[in-house]
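Asker:
Protein chains in written order, with my numbering: chain S, 6 to 281; chain R, 18 to 173.
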C-alpha cells in the first residue's frame, strides 16, 4: 500500500502527538529535577532548565538517601522475580500439560485472584507479618509480592508452555526422562522467551508497587523507591527538585528495560487472548 | 495574564485531576495492547475492502473495530481492575481530600485499618471491596475469560 504525502504527514503528526503525550510527564519531571531552585517555582514555569543544576540530585542522594532506596528496590524486585519464576514454572507446567481435574476452574481462580484490590488482603497480611516479626524486613515484602505476581506469571507461562509442541516431551519421556527432567532439560530452554517476559513484568510490578511497600516498610532504611520518594515531603516543605531528580533516576532502569524488550512485554500480556 | 487555580484544593477539580493523572499514566498501556491486536489483522482484508469500494470510515468500523474487540476487552479488563485499586495517586496527590472528594475505596480502607487502627471497621470495608470486585470479575470473566480459556485449551 502506498500512502499519499498528506497521509504520511498526518501519520507523522499523529505519532508525534502520541509520543509527546506519553513522554510528557517523564520529560517534565526530568526537567524539574535538573533546574535550579528559583526556576522550579517560577511562574510561568519554563520547559527547559536554563542552567543544568545537580543540587537537587545531590540532595536526593545525600540528604534523602536515594541510593539506599535504589538498593532496597533492587533487592526486593530482584528476589521477587527470581523466586516467582522458579515457583511459577513449576506451577504453570502441570497446568499446561497434565490432565488435571477442574483445570479450567483452577486457571480461572488464578486469574480472579490477580484482580482483587490489595486492600482486601492488606489487613490479614499485615497482622501475619507482625506476628512473624517480619515488618520492615525484605522477606516481609517479598512474600506478599510473590503472592501478587504469581497469578499473572503462571498465566503467561502456562500460555507459553501450551504453545510448545508436545512431541518433544513425549520423545524425552520415551527416552526415559522423568517429568522434572523434561521440564528442566526440554521445556525450559524452549520456553526461555516466555519466562523472560514473565520475569520482566514481575520485575516492573515489584519495582513500582506502592501500597504494600507503604504498609510493610515503615522504616526508611528498608523502604523501596516509590515509597521513599513519596515520603520526601516534610510537614512544611515540598522538595520538588529532589522528588523529580529521584523519580528520574527511579524511572530510568524501567525505561531502558521496556525500550529494549517492548515487543516481548506486549506478547506476554496478550498471550493466548489476542493471538488466538 | 493567566489566572492560576489550585485544582487539588477544590473537590470536583481534585477528583478530575486524579482521574486525569491515572488516564495519562495508563493510556499508553492500553495503546500497547490494542497495538498488539492491530498487528494480528491481515492486510488482505483491507485490500479486499478497498477493491470493493469501502472508504476509510467503513474499513475502520467494519474491519478494524470488530477484529480489535478481543484486544480492547483485555485492555478494558486490566484497566478496570487496576482503576479499582488506585491508591498511590490519591496518596501522593490529595490524601483523599479535600473533604472526602477523592477518598477512593482502597485509600478509605487503608486509612481506617492502618491510620486510625479500626481493625473491625477496616476489615468490613475490605470485605465490601472484595465482594464488589468479585462481582465485577465474574461478569468480566463470563464475557471475556471464557473466550480466553477455550482458545488456550483448544490447543493440542
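Ideal placement from N, C-alpha and C gives every residue a C-beta, glycine not left out.
Between the Cα of residue 247 of chain S and those of S/211, S/234, S/152, spot the shortest distance and give me the residue it belongs to.
Answerer: S/234
Asker: Within 10 angstroms of its Cβ, does residue 265 of chain S collect 16 or more other Cβ (buried), or is it exposed?
Answerer: exposed
Asker: Do residue 40 of chain R and residue 101 of chain R have their CB atoms nearer than 8 Å?
Answerer: no
Asker: Whose Cβ in chain R lies nearer than 8 Å to the Cβ of residue 78 of chain S?
Answerer: In chain order: nothing, as chain R lies at least about 15 Å away.
Asker: Thinking C-beta only, is residue 115 of chain S closer than 8 Å to residue 156 of chain S?
Answerer: By the CB criterion at 8 Å, residue 156 of chain S and residue 115 of chain S fall inside the cutoff.
Asker: Shorter than 8 Å from the beta carbon of residue 124 of chain S to some beta carbon of chain R?
Answerer: yes
Asker: Suppose the cutoff is 7 Å on Cβ atoms and the five residues either side in sequence are ignored; what does the same chain contact list for residue 36 of chain S look like?
Answerer: 52, 53, 54
Asker: What is the rounded straight-line gap between the Cα of residue 81 of chain S and the Cα of residue 94 of chain R?
Answerer: 28 Å
Asker: Any residues in the stretch 209 to 227 of chain S with a beta carbon nearer than 8 Å to a beta carbon of chain R? Which ones, in chain order?
Answerer: 215, 216, 219, 220
Asker: Per DSSP, what kind of secondary structure is residue 212 of chain S in: helix, strand or coil?
Answerer: helix
Asker: Closest by CA to residue 123 of chain S, which one among S/14, S/219, S/268, S/252?
Answerer: S/219
Asker: How would you label residue 33 of chain S, buried or exposed, when you count the other beta carbons within 10 angstroms and need 16 or more for buried?
Answerer: exposed
Asker: Considering just the uninterrupted stretch of the alpha helix (DSSP H) at residue 33 of chain S, what are its terminal residues?
Answerer: Boundaries of the alpha helix (DSSP H) around residue 33 of chain S: 10 to 38.
Asker: Using Cβ-Cβ distances below 9 Å, what residues of the stretch 117 to 144 of chain R are close to chain S?
Answerer: Result list: 122, 123, 124, 125, 126, 127, 130, 131, 136, 139, 140, 142, 143, 144.
Asker: When the cut-off is 8 Å and only beta carbons count, does residue 2 of chain R lie next to chain S?
Answerer: Shown here, chain R extends from 18 to 173; a query on residue 2 of chain R therefore has no answer.
Asker: Quick one: which unbroken alpha helix (DSSP H) runs of 4-plus residues sit fully inside the stretch 31 to 69 of chain R? Chain order, please.
Answerer: 60 to 68
Asker: Figure out for me which residue from S/237, S/236, S/230, S/187 has the closest Cα to the Cα of residue 258 of chain S.
Answerer: S/230
Asker: How would you list, in chain order, the residues of chain R whose beta-carbon sits under 9 Å from the beta-carbon of residue 128 of chain S?
Answerer: 126, 130, 131, 136, 139, 140, 143
Asker: Which whole-angstrom value describes the C-beta separation of residue 25 of chain R and residue 31 of chain R, a residue pair presumed to lie in contact below a C-beta threshold of 8 Å?
Answerer: Their Cβ separation, rounded to whole angstroms, is 5 Å, which keeps residue 25 of chain R and residue 31 of chain R in contact under 8 Å.
Asker: Please report the straight-line C-alpha distance between residue 147 of chain S and residue 67 of chain R, rounded to a whole angstrom.
Answerer: 54 Å
Asker: Tell me the residue span of the alpha helix (DSSP H) that contains residue 145 of chain S.
Answerer: 143 to 168
Asker: Below 8 Å CB to CB, which residues in the same chain sit around residue 97 of chain R once its five sequence neighbours on both sides are set aside?
Answerer: 153, 157
Asker: State yes or no: is the C-beta of residue 34 of chain R within less than 8 Å of the C-beta of residue 110 of chain R?
Answerer: yes
Asker: By a C-beta neighbour count over all protein chains shown, 10 Å radius and 16 as the cutoff for buried, is residue 105 of chain R buried or exposed?
Answerer: buried
Asker: For residue 136 of chain R, which residues from the same chain have a beta carbon less than 7 Å from its beta carbon, with the 5 sequence-adjacent residues on both sides left out?
Answerer: 130
Asker: Below 8 Å between beta carbons is the criterion; list the residues of the stretch 37 to 61 of chain R that meet it against any residue of chain S, in chain order.
Answerer: So the list reads 41, 42, 44, 45, 48, 49, 50, 52, 53, 54, 57, 60, given in the order they occur along the chain.
Asker: Please compile the residues from chain S whose C-beta is within a distance smaller than 7 Å of the C-beta of residue 147 of chain R.
Answerer: Contacts between residue 147 of chain R and chain S, judged by CB atoms closer than 7 Å, involve 121, 125 in chain order.
Asker: Using 8 Å as the threshold, is the C-beta distance between residue 100 of chain S and residue 223 of chain S below it?
Answerer: no
Asker: Hey, residue 113 of chain R and residue 119 of chain R: beta-carbon distance below 8 Å or not?
Answerer: Yes.
Asker: With a Cβ-Cβ cutoff of 8 Å, do residue 145 of chain S and residue 221 of chain S count as a contact?
Answerer: yes
Asker: Is there at least one Cβ from chain S nearer than 8 Å to residue 105 of chain R's Cβ?
Answerer: yes
Asker: Are the C-beta of residue 110 of chain R and some C-beta of chain S separated by less than 8 Å?
Answerer: no
Asker: At a CB distance below 7 Å, what residues from the stretch 74 to 107 of chain R approach chain S? Give them in sequence order.
Answerer: 87, 88, 91, 98, 101, 102, 104, 105
Asker: In this structure, how does DSSP classify residue 173 of chain R when only helix, strand and coil are distinguished?
Answerer: Caution is warranted here: a pLDDT of 34 is assigned to residue 173 of chain R, below 50, making its placement in the model unreliable, and the coordinate value is therefore given only provisionally. Note: residue 173 of chain R maps to coil in three-state DSSP.
Asker: Relative to the C-alpha of residue 98 of chain S, which residue among S/245, S/196, S/270 is closest?
Answerer: S/196
Asker: Could you spell out where the alpha helix (DSSP H) holding residue 233 of chain S opens and where it closes?
Answerer: 230 to 235
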